[in-house]
Amino acid sequence: MRFLPFLMLLMLINSYAQVDFNNYKTLQAKGDIPEDFKEYTYLKVASNAKNPIKGLSSAQKNMFLEGIHYSIDNILHSGYVVYGDEISDYVSQIAAKLLKEEPEILAKLRFYTIKSNSTNAFSTDQGIVFVTTGLIAQLANEAQLAMVLAHEISHFTEKHVLEGYKDKIKNRRTYRTIEELSQYSKEKELNADSLGIIMYKNAGYSINEVLPTFDVLMYSYLPFDEVEFPKDYFNTNKLFIPSSLFSDKQYPIKAIEDYDDSESSHPNIKKRKEEAEELVKSLNGWGKTASFLGQTNFEYIRKIARFESLRTDVLEQNFTDALYSLFILEKENPNSAYLKRMKAQLWLNLAIYKAENKGDKTTKKSKELEGESAQLHFLIRKLTKEGLTTLAIRQIYDLKKMYPNDEEISKVYANLIKQISNSKSFKLDAYSKKTFNEASLNFIQYTDSIKNAKPIEKVEETKTKSKYDKIKNKKNIDNDQNFDSTKFYLYGLSDVIQNKDFLDPFNLELETFKEKEKDDAAYTKLSKAEKKKWLASKKKTVDINELIIVEPIVQMKGPNGIDPTLSENYQIQLSNTIQEVSSDLNIKTYLIDRTSIKKTGTQIFNERSLLMNYLDQMTDVDNDNILTVDYQLLNTLKENYGTAKVMYTLVQNQVIIDFNPSMVMTSAIFLPISMVYMPMVLFNSQFTDVDIIILDLETSKIERDLSFYTKEKPTKLKIGAHMYHFFNSIKKK
3 MRFLPFLMLL MLINSYAQVD FNNYKTLQAK GDIPEDFKEY TYLKVASNAK NPIKGLSSAQ
63 KNMFLEGIHY SIDNILHSGY VVYGDEISDY VSQIAAKLLK EEPEILAKLR FYTIKSNSTN
123 AFSTDQGIVF VTTGLIAQLA NEAQLAMVLA HEISHFTEKH VLEGYKDKIK NRRTYRTIEE
183 LSQYSKEKEL NADSLGIIMY KNAGYSINEV LPTFDVLMYS YLPFDEVEFP KDYFNTNKLF
243 IPSSLFSDKQ YPIKAIEDYD DSESSHPNIK KRKEEAEELV KSLNGWGKTA SFLGQTNFEY
303 IRKIARFESL RTDVLEQNFT DALYSLFILE KENPNSAYLK RMKAQLWLNL AIYKAENKGD
363 KTTKKSKELE GESAQLHFLI RKLTKEGLTT LAIRQIYDLK KMYPNDEEIS KVYANLIKQI
423 SNSKSFKLDA YSKKTFNEAS LNFIQYTDSI KNAKPIEKVE ETKTKSKYDK IKNKKNIDND
483 QNFDSTKFYL YGLSDVIQNK DFLDPFNLEL ETFKEKEKDD AAYTKLSKAE KKKWLASKKK
543 TVDINELIIV EPIVQMKGPN GIDPTLSENY QIQLSNTIQE VSSDLNIKTY LIDRTSIKKT
603 GTQIFNERSL LMNYLDQMTD VDNDNILTVD YQLLNTLKEN YGTAKVMYTL VQNQVIIDFN
663 PSMVMTSAIF LPISMVYMPM VLFNSQFTDV DIIILDLETS KIERDLSFYT KEKPTKLKIG
723 AHMYHFFNSI KKK
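Sequential numbering from 3 applies to the sequence shown in my numbering.
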């Protein structure tokens, strides 16, 4: 038995060796698919409903089971949860250490990772413990993770989720999602702290990491490290950014331990630390280690989490936060091609958002700034459209030169050129062929020569110039006397604007853009009938004979919110309808749904997660030049299926009963009217919205879409008819 820890450590090291940070790809599930991910929610509810729950009526029990299973399954199939991965396995190993004397409890628990920058961990009544990559990224060592896990395991052993539900029923509140039920009372939080500390101590961890874990939680809203951002970070021999564009202020960190927790479910950090400190003093027999699995292994796992943190911020359009994380990660990984690709994507995204007047969404306001990342937020927010676009071109152009054969960086470069050529704010002839240093030096020499020149020479020089020469002179940025240090960005692309590799594609895109402008101008002059005819002639035909179909999302809403069982039944019915219709029309479809995941397992689960993340990213932006954060993985998926077309479907049904007060009163008096009016209102209370889109993984464009609205339930016949029409319109003739 004494060799067991060594063998566990060896297994961990071997599994970690598979991660390549130079060509990093997002965490994916590994191994056999757990039962938690296989079954539909209504089957899980039916299975659990056989067992009584003390203190709950049958109706309350069903509401509790439906609520927690539905919300947990939404998380499990959100596209952001993984199992069997490096982080989940590492967490499981620590849990095994914490519960080495209680194997029966360990056997009831499963540990999964959520790819989220929220610093969080939570347990469920069923024994699932979720840990976020955001939490791992913030921690300093294994012991701190053990502290958090011990706390969450204590919530499970004490059945705090169920007890919280009972408390809410007593207070006439019917919250039932796992997010709501994980907001425990202050008493339960302190109870979990105490039990967790005892579990942590019994596992042999060091006393020295108990209180620092609370500090991690308090400062977790900040980036995962505090590193000074230098004001000359972007400066090279080609580009100069004045230090005046950075703030001359310091931005202190505002978090305090003794914050007002009167409106919070959690006690503040000061109270938790005080309670913990008292308990720690009363306990004996503390261990001395902060790491049983090795600090090197912990840092490896944390590194994965930090790379995920960068990806998540790009995915969620937190571009300036991502830029700061990238700045930190590049210090340790200066040659990572993955980080270079993310850098290229970030600058393209920042340029697009600034051009579309959405730049403020990616940066924090002055009053929100804290810590070392504040300088970067201040700079990005202060830069003008022209200034930020110049910086983006400079960064991406240099990356393209550094990695000329990298497909992803080349795609970003091409999209950038398309973006700036279609922008009226980017004027190529406004840029200087001199660098900032060259132009400033020439300006100094020019002013010196003016001071030393003879008056008569100046007069003679002026006489030789026409009015038009003078006007052109004032507009020529390369004229020494026109140097303007406030327009530093105009001197940042001196080599770019003279390079054929930039000019040729730029001019080609510019011509295409000008042609489009001519078409748009001509269109506005057409009559209504002519416009209709012109649009018909320009309408793009879609010829599809192969299609990836992501599991439809169906939400059947009643008076009390979404009905999970009804929603899933309609979801299964809709999947079957899609398969039947596509088969009738000889369209080859690859359906990725719960049934196919159960049959095929982890590979299909990972593909669905990628496609869900892709949809989340693409629907949050309205610009074809944005690149998917999982560019390489989606290229592989496209090659495996032999098609780039992906179909997504959303069906939303809602019951809205709208009684007319006067008619209700009339019905109460005249029974015959009631017998007609009431059924009529109930019959017309169904409202269904259906949205279908086909996205192209290569172009990120919507190839075809369909939206329709009906005042009835989404019956198989009705939905089938619309699906038939839709598939027939895209079928390759």
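We put the CB at the ideal spot given by N, CA and C, even for glycine. Quick caveat, the model's predicted, so the values are computed rather than measured.
Contact check, residue i vs residue j, beta carbons under 7 angstroms
i: Tyr114; j: Glu410; result: no
i: Leu378; j: Phe231; result: yes
i: Lys647; j: Ile546; result: yes
i: Asn24; j: Ser487; result: no
i: Tyr415; j: Ile499; result: no
i: Ser709; j: Asp698; result: no
i: Met201; j: Ala152; result: yes
i: Thr364; j: Phe321; result: yes
i: Tyr253; j: Leu371; result: yes
i: Gln397; j: Leu629; result: no
i: Gln619; j: Leu317; result: yes
C-alpha gap between residue i and residue j, whole angstroms
i: Leu29; j: Asp87; result: 7 angstroms
i: Arg175; j: Gly563; result: Low confidence applies to Arg175: its pLDDT is 47, below 50, so where it sits in the model is not reliable, and the reading given next is rough at best. Each residue's alpha carbon lies about 14 angstroms from the other.
i: Ala205; j: Ile306; result: 26 angstroms
i: Asn335; j: Glu310; result: 15 angstroms
i: Gly81; j: Phe504; result: 38 angstroms
i: Ile599; j: Asp622; result: 27 angstroms
i: Thr712; j: Pro54; result: 41 angstroms
i: Leu147; j: Thr134; result: 11 angstroms
i: Ser702; j: Pro406; result: 23 angstroms
i: Lys527; j: Lys535; result: 14 angstroms
i: Asn119; j: Leu510; result: 41 angstroms
i: Met149; j: Leu568; result: 41 angstroms
i: Leu213; j: Val83; result: 29 angstroms
i: Ser496; j: Lys251; result: 33 angstroms
i: Lys52; j: Thr159; result: 21 angstroms
i: Ser585; j: Phe132; result: 40 angstroms
i: Glu532; j: Asn478; result: 45 angstroms
i: Leu295; j: Lys413; result: 41 angstroms
i: Gln573; j: Phe729; result: 18 angstroms
Same chain only: Cβ atoms within 6 angstroms of residue i, ignoring 5 sequence neighbours per side
i: Arg610; result: Ile594
i: Tyr85; result: Ala31, Pro36, Tyr114
i: Gly361; result: Tyr355
i: Lys190; result: His162
i: Leu684; result: For Leu684, the predicted model reports a pLDDT of 47, less than 50, meaning its position is unreliable and no value from the coordinates is stated.
i: Gly603; result: Ile35
Neighbourhood of residue i by C-beta, 7 angstroms cutoff - its chain only, sequence neighbours within 5 removed
i: Ala723; result: none
i: Leu312; result: Ala324, Ser327, Leu328, Leu331, Met344
i: Ile130; result: Asp38, Ile74, Arg112, Tyr114
i: Leu719; result: none
i: Met725; result: Thr579, Ile580, Val583
i: Val21; result: Glu88, Ile306
i: His71; result: Thr43, Lys46, Val47
Best match in the options for proximity to residue i [C-alpha to C-alpha]
i: Gly373; options: Ala257, Thr391, Glu279; result: Ala257
i: Gln688; options: Tyr711, Val657, Lys117; result: Val657
i: Lys356; options: Glu370, Leu381, Lys342, Leu371; result: Leu381
i: Gly241; options: Ser118, Lys502, Leu393, Asp217; result: Position check: residue 241 holds Leu in this sequence, whereas Gly was assumed. Closest by alpha carbon: Leu393.
i: Gly57; options: Lys188, Leu164, Thr365; result: Leu164
i: Leu635; options: Glu700, Ala123, Tyr650; result: Glu700
i: Asn193; options: Lys426, Ala278, Ser208; result: Ala278
i: Gln575; options: Tyr643, Asn501, Pro716, Thr604; result: Pro716
i: Ile77; options: Leu101, Ile116, Phe66; result: Ile116
i: Ile422; options: Lys413, Leu350, Asp482, Lys367; result: Leu350
i: Lys342; options: Arg396, Leu401, Ser293, Ser375; result: Leu401
i: Val229; options: Ser60, Ser375, Gly296; result: Ser375
i: Asn571; options: Tyr223, Arg596, Ser284; result: Arg596
i: Asn501; options: Gln557, Ser451, Ile395; result: Ile395
i: Glu553; options: Phe607, Pro566, Glu519; result: Phe607
i: Thr591; options: Gln128, Met649, Thr514, Ala441; result: Met649
i: Leu512; options: Phe728, Pro269, Thr298, Ser425; result: Ser425
Cβ-based neighbour list, residue i, same chain, cut-off 8 angstroms, excluding 5 preceding and 5 following
i: Asn239; result: Thr437, Asn439
CB contact below 7 angstroms: residue i versus chain B
i: Gly389; result: Note that chain B does not occur in the displayed structure, where there is just one protein chain.
Residue i beta carbon near the ligand GTP (any heavy atom closer than 6 angstroms)
i: Glu310; result: Only the bare structure without any ligand can be found here, which leaves the ligand GTP out of the picture.
- Runs of alpha helix (DSSP H) lying entirely within the stretch 76-154, each at least 4 residues, in chain order: Counting only runs of 4 or more, we get 88-100, 105-108, 135-140.
- Message: What ranges does the alpha helix (DSSP H) occupy inside the stretch 189-256, keeping only unbroken runs of at least 4 residues that lie completely in it?
- Response: Annotation note: the stretch 189-256 contains the following uninterrupted alpha helix (DSSP H) runs of length 4 or greater, listed N- to C-terminal: 212-220.
- Task: Pick out the complete beta strand (DSSP E) segments inside the stretch 489-562, 3 residues or longer, and give them in chain order.
- Result: Listed in chain order, the complete beta strand (DSSP E) runs (minimum 3 residues) inside the stretch 489-562 are 548-552, 555-560.
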